[in-house]
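Report on the structure given below.
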Amino acid sequence: MPLREPPAETAGAFPWLRRAGRGGPNPVRRRFAVAAGRGPLLAAAPMPLLLGLAAATTPEPVTLGLAGLALACLSLRVQRLRRSARAATRHRNNLARLTAPAIARLIAETGSAAPRAGWEQEATVLFADIRGFTRLCEGLAPGDVAAFLADFRTRAAGAIEAAGGLIDKFVGDEVMALFGVSDTAPGDGDRAVAAARALAAAMAAWSRDRAQAGLPPVRLGIGLHRGPVFIGIIGTERVEFTAVGDTVNVARRLEQMTRTLPCDCLASEAAVQDGTSSEARIVAVRAVRGARAVLRLFTLRLDTGEGADR
608 MPLREPPAET AGAFPWLRRA GRGGPNPVRR RFAVAAGRGP LLAAAPMPLL LGLAAATTPE
668 PVTLGLAGLA LACLSLRVQR LRRSARAATR HRNNLARLTA PAIARLIAET GSAAPRAGWE
728 QEATVLFADI RGFTRLCEGL APGDVAAFLA DFRTRAAGAI EAAGGLIDKF VGDEVMALFG
788 VSDTAPGDGD RAVAAARALA AAMAAWSRDR AQAGLPPVRL GIGLHRGPVF IGIIGTERVE
848 FTAVGDTVNV ARRLEQMTRT LPCDCLASEA AVQDGTSSEA RIVAVRAVRG ARAVLRLFTL
908 RLDTGEGADR
């Protein structure tokens, strides 16, 4: 079977390969020349095999030895790349367990070397918090409190993500979500309003299940606000992907204000104007710390399991 000439770039690096490919008295050397023409195969070969091949090929031991070492280095490089790829995959999988997949991808691609990697944009921010969480957990063992929070987070994440929201973080019994980040299409206010309704419905369904076990219902206070935010990776040693800015602060304060105003969901005019405002009802005009102007505040009709939002 005739031997093919090695590729021009390989023969240019090792001129003796061209002579070996055209024929020669040493069959071992000719086999090595053919193998060298198949660089991808040798790149995956283990280093001992390559060094042994180089040592066995004569009568040009020095040249062949250098060629073998070069190929061995190439093999090591490929193996390192494979290990790095496997490590990166494990890193992404671990991040995905701790945060939303979209955030995990961005952190994996950006890394902690760019502590201010991010951007500014308009977005709708949602905060939701369990009403009377301390009372609900009174007398529960720590493991039961953890199970309660896990159940809440599963239901809350399902409602928010089904509406197109991105979970920013859970802090205890509170959840923060962003709309218009992973999906930049218009209507992020609409999606935030839909998520608020889905959250209330999910808690109502959960409360019905809890009632059968003689447990108290679970209700949320929800705040919505829309405006400019900075979204990105914050920190150096301990990094966090989050949204920051006055918009975030105002959304959280609106959620806190549901404890004193007659509503379960409080939304700024900016949030309902971008969303479905036809069912929004104004309940107050107030100055909110962090907002640049007095805000017109609206409530939404929610399914809380006790009729319309009060």
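Oh and the sequence shown: position 114 is 721 in the working numbering, straight run, nothing missing.
In this text, a Cβ means the ideal position worked out from N, Cα and C, and glycines have one as well.
Straight-line Cα distance separating R738 from V825 = 7 Å
Is the beta carbon of L861 sitting closer than 9 Å to the one on L831?
-> yes
If you run the structure through DSSP and keep just helix, strand and coil, what is E824?
-> Note on residue identity: the sequence assigns Pro, not Glu, to residue 824. In this structure, P824 counts as coil in the three-state DSSP scheme.
Span of the alpha helix (DSSP H) around R899 = Element bounds for R899: n/a, residue is neither H nor E.
Report buried or exposed for C680, applying the criterion of at least 16 other Cβ atoms within 10 angstroms of its Cβ.
-> By the neighbour-count rule (16 or more Cβ atoms within 10 Å), C680 is not buried but exposed.
For G821, count neighbouring Cβ atoms within 10 angstroms of its own Cβ and tell me buried if that reaches 16, exposed if not.
-> exposed
Which whole-angstrom value is the C-beta distance of V836 and V846, which I expect to be below 8 Å?
-> Their Cβ separation, rounded to whole angstroms, is 18 Å, which puts V836 and V846 out of contact at 8 Å.
Which one or two residues does DSSP pair with A735 in a beta bridge?
-> V782, I829
Taking the alpha-carbon positions, what's the G794 to V778 distance?
-> 27 Å
Contacting residues, own chain, Cβ-Cβ under 6 Å from F740 (five flanking each side not counted) = D780
Straight-line Cα distance separating D775 from I841 | 13 Å
R845, DSSP secondary structure in three states = Coil.
R903: which of A770, T843, R888, D910 sits nearest, CA to CA?
-> R888
Specify the secondary structure class of P835 as computed by DSSP and reduced to three states.
-> strand
Could you have a look at R684 and say whether DSSP puts it in helix, strand or coil?
-> helix
With 16 other Cβ atoms within 10 Å as the buried cut-off, status of G675 | buried
Hey, V857 and A799: beta-carbon distance below 9 Å or not?
-> No, these two residues do not count as a Cβ contact at 9 Å.
Exposed unless 16 or more other CB atoms sit within 10 angstroms - verdict on R742 | exposed
Considering A808, what are the terminal residues of the alpha helix (DSSP H) in which it resides?
-> 795 to 819
Three-state class that DSSP yields for R903 in the structure shown | Strand at R903.
What is the DSSP secondary structure of A766, reduced to helix, strand or coil?
-> helix
Under the three-state DSSP convention, the category A891 falls into | It is a strand residue.
Examine the Cβ distances between the segment 869 to 880 and the segment 893 to 907 and report whether three or more of them are shorter than 8 Å.
-> yes
Return the first residue and the last residue of the beta strand (DSSP E) that V874 is part of.
-> Rather than Val, the amino acid found at residue 874 in this sequence is Ala. Residues 872 to 875.
Delimiting residues of the alpha helix (DSSP H) encompassing E862 | 853 to 864
In its own chain, which residues sit with a C-beta less than 6 Å from the C-beta of F734, not counting the 5 before and 5 after it?
-> Only M783, G830, A858, R859, E862 meet the Cβ criterion.
Integer Cβ distance of G833 from A877, believed to fall under 8 Å | According to the sequence shown, residue 833 is Arg rather than Gly. Right, the Cβ-Cβ distance comes to about 4 Å (below 8 Å), so this counts as a contact.
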